[in-house]
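Mapping of the sequence shown onto the numbering used here: position 57 corresponds to residue 57, and the numbering continues sequentially without gaps.
Note sheet for the following structure.
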Amino acid sequence: MTSHHLPPYLKMSEWDFLKEFCSVNEIIAKSIDILQGEDGMYMGYLLPTLFLIEATLNKMTHLSYCEPLQQALLIGLKKRFGSIMDLMKKDSKPFLLATISLPKFKLKWLPETWQPHKGTLKKVFSEEVCATHSETPDSLTEDEEDDPYTVLTMGSAGVSSDNAPVERDNINGNINIEIISYLDEKSKDIKILDRYQHIRKIFYKYNTVLPSSAPVERLFSVGGLILTPRRNKLKDKLFEVLLILKGAAQFQGH
1 MTSHHLPPYL KMSEWDFLKE FCSVNEIIAK SIDILQGEDG MYMGYLLPTL
51 FLIEATLNKM THLSYCEPLQ QALLIGLKKR FGSIMDLMKK DSKPFLLATI
101 SLPKFKLKWL PETWQPHKGT LKKVFSEEVC ATHSETPDSL TEDEEDDPYT
151 VLTMGSAGVS SDNAPVERDN INGNINIEII SYLDEKSKDI KILDRYQHIR
201 KIFYKYNTVL PSSAPVERLF SVGGLILTPR RNKLKDKLFE VLLILKGAAQ
251 FQGH
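Spelled out as structure tokens, the structure:
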């Protein structure tokens, strides 16, 4: 009769290694969970999350076993996201604007190393808000829309050319007041954007939701019911309309 030998218990050093391994990878796992969230997840979460990973890993200064892993993660972070994490680079601008326009973060998430550049980053945000406003001129009144000569009195920014410089200065002044008020706002509720219409435009422009794979898979499963062998010559636009209608019908239970 053969005896069954139980595997030996883990040594204390092996337990210590596992604890360090879990500790180093914990921030990576938590960050992935955050960025893969389906509710309340916006592009503005990316930069603060990357800096959180970097700060957490840098604080681990007394590792006995997993220092190579820690350094490898930091090197990989810089290699993959270095151009985004350098807030002065052009690649970082969309992510920076997305984060500042998100009430949860504004400019309060900046790491200590970037605090001296806070004024510059605020200026980048202010310029984008003003530029976005100038791209969307104010709507005309009903009488102005009916008058074909109105276009002759309107400047490129959509304001009357009679007082264009004055009105433009007033608009930019109001926008700057709105930005200051927004950045000083203590609330992190996304609903406060209803009070800041110009900043809300920036939020809509840059805070694209990060999609998970599940909704995409459901979308393609619906597409298979539409693009059948007998309907393989559908134009892209018609296919898109049919796909939306089919999805809406399933959602409403028809």
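Backbone N, C-alpha and C fix where the C-beta goes; we use that ideal spot for every residue, glycine too.
The model shown is predicted, which means the values in this text are computed figures rather than measured ones.
DSSP-derived helix/strand/coil call for residue 41: coil
Exposure of residue 66, with buried meaning 16 or more beta-carbon neighbours within 10 Å: buried
Inside the stretch 63–88 only - alpha helix (DSSP H) runs reaching at least 4 residues: 67–85
Reference residue 103; option with closest CA among 240, 174, 21, 203: 203
Closest Cα partner of residue 39 within the set 190, 240, 236, 126: 190
Secondary structure of residue 61, DSSP reduced to three states: coil
Reduced DSSP secondary structure (H/G/I, E/B, other) of residue 109: coil
Residue from 46, 23, 16 with nearest C-alpha to residue 99: 46
For residue 16 and residue 64, believed in contact at Cβ under 8 Å, the rounded distance: 7 Å
Where residue 91 falls: helix, strand or coil (DSSP): helix
Exposure label - residue 127; buried when at least 16 CB within 10 Å: exposed
Contact belief for residue 207 with residue 134 at Cβ below 8 Å, rounded distance in angstroms: That pair is no contact at about 21 Å.
Coil, strand or helix - residue 187 by DSSP: coil
Residue 200 - containing alpha helix (DSSP H), residue span: 197–206
Three or more C-beta pairs below 8 Å linking the stretch 41–60 and the stretch 107–114: yes
Residue 27: first and last residue of the uninterrupted alpha helix (DSSP H) it sits in: 12–35
Segment contact, 8 Å Cβ cut-off, at least three pairs: the stretch 78–89 with the stretch 191–198: no
Integer-rounded CB distance, given that residue 31 should sit under 8 Å from residue 53: 6 Å
Among 245, 180, 72, the one whose alpha carbon lies nearest that of residue 119: 180
Closest residue to residue 182 among 205, 125, 234, 132 (Cα-Cα distance): 125
Nearest candidate by alpha-carbon position, reference residue 131, set 205, 116, 85: 205
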